[in-house]
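Quick note on numbering: the sequence shown equals residues 849 to 1044 in our numbering.
The block underneath contains the structure these notes are about, expressed in C-alpha cells.
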Amino acid sequence: MTAFDNKNSRTAGADIEAMFTDRWSSKAFSDQTLKQEQINSLFEAARWAPSGNNRQPWLFVYSTSGPQREKFDSLLSEGNAVYVPKAAMMVLVFARTFDDDGNRIRTAFFDTGAAWMSLALQANLMGLNTRALGGIDLDGAYEIANVPADKYETVCGIAIGYPGTDADLIPSLVQQNFANDRKDISVVAYSDRYSP
849 MTAFDNKNSR TAGADIEAMF TDRWSSKAFS DQTLKQEQIN SLFEAARWAP SGNNRQPWLF
909 VYSTSGPQRE KFDSLLSEGN AVYVPKAAMM VLVFARTFDD DGNRIRTAFF DTGAAWMSLA
969 LQANLMGLNT RALGGIDLDG AYEIANVPAD KYETVCGIAI GYPGTDADLI PSLVQQNFAN
1029 DRKDISVVAY SDRYSP
C-alpha cells in the first residue's frame, strides 16, 4: 500500500470491480515521466469507448514537455496552476459537436465522457493518476491545440502522471487531497419512476 492508497477509504455498496472505487483524482503528482507506449495505451483505451452511431466525437490533444507544454499550462486557472505543471502530461479534451453536414451531434459530450472514463480507468490500472480539469481557459485551448472552434467544443483538461505524496503539494492543498465519496444509488437510480 502506498501513501496514495492511504488517501482512499471508499467502499462499494454493491458487488463491483475494485477499479471503480480504486480510481480517484489526486492533486499530487510525482515528476516521473511517461513513456510513449504508456501514452498510447491510455488513448487506445479511450478509443474503444461506446459511441452513439459510432461517431466517436472525442478529440484529445496532449503535451508532455517543452514550449508547447508551457502553453498548455498557461491555460490553467490559478488554483490548477499550483499543481498541474508537475504532472507528466496535460491533455486538452474536445468534443466534435457538428458533423460534416452541419448537423449537431447530440451525444457528443456523453460519448466524450465515456472516452475520458475509459482513459481514467486504464490509467489507474497502470498505476497512474488522472485529474480532470474544469478550470482552464476553454476559448484559449482552440488556438494552442490548433482545433477548429466551429466543429469542436472544449470540454476540459486532464492532468496525467504518476501519483505523488503530500510532500509534492503546497500545505493548503494537502487537506483537500483525498478520495471523496459518492451519492448512494438510492438517490440516483430509480425503478420505474423517479420518486425523490
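For each residue, glycine too, the CB sits at the ideal point set by N, CA and C.
All values reported here derive from a predicted model rather than from experimental measurement.
Which residues in the same chain as residue i place their Cβ atom closer than 7 Å to its Cβ, once the five residues preceding and following it in sequence are excluded?
i	result
residue 966	893, 894, 896 and 897
residue 976	1008, 1009 and 1010
residue 953	903, 905, 944, 945, 946 and 947
When the Cα atoms are used, what is the spatial distance from residue i to residue j?
i	j	result
residue 991	residue 1038	43 Å
residue 984	residue 924	4 Å
residue 932	residue 963	21 Å
residue 969	residue 871	7 Å
residue 1023	residue 858	17 Å
residue 930	residue 996	29 Å
residue 1033	residue 864	13 Å
residue 866	residue 881	26 Å
residue 1027	residue 926	22 Å
residue 1043	residue 918	49 Å
residue 957	residue 998	16 Å
residue 1040	residue 961	26 Å
residue 883	residue 873	21 Å
Could you please give me the residues that DSSP links to residue i through a beta bridge?
i	result
residue 885	Answer by DSSP bridge pairing: none, since residue 885 is not bridged.
residue 978	1008
residue 938	911 and 1007
residue 946	952
residue 877	1011
residue 1000	944
Are the CB atoms of residue i and residue j nearer to each other than 9 Å?
i	j	result
residue 1006	residue 941	yes
residue 943	residue 959	yes
residue 1025	residue 934	no
residue 915	residue 945	no
residue 879	residue 936	yes
residue 903	residue 949	no
residue 900	residue 955	yes
Going along the chain, which residues of its own chain have a beta-carbon closer than 6 Å to the beta-carbon of residue i, five neighbours each way excluded?
i	result
residue 1004	941, 980, 981 and 982
residue 988	923
residue 986	1002
residue 860	869
residue 850	Residue placement at residue 850 is poorly supported in this model, since its pLDDT is 45, which falls under 50; the coordinates are not used for a value here.
residue 877	934, 935, 1009 and 1012
If I measure Cβ to Cβ from residue i and keep anything under 8 Å in the same chain, skipping five residues before and after, which residues do I get?
i	result
residue 951	none
residue 973	867
residue 1014	851, 876, 1022 and 1025
Any C-beta of chain B sitting closer than 9 Å to the C-beta of residue i?
i	result
residue 916	Structure shown: chain B not included; a single protein chain is present.
Task: the segment 1015-1026 / the segment 981-997 touching (three or more Cβ pairs under 8 Å) - done: no
Task: Sufficient close CB pairs (3 or more, under 8 Å) joining the segment 905-913 to the segment 880-891 - done: yes
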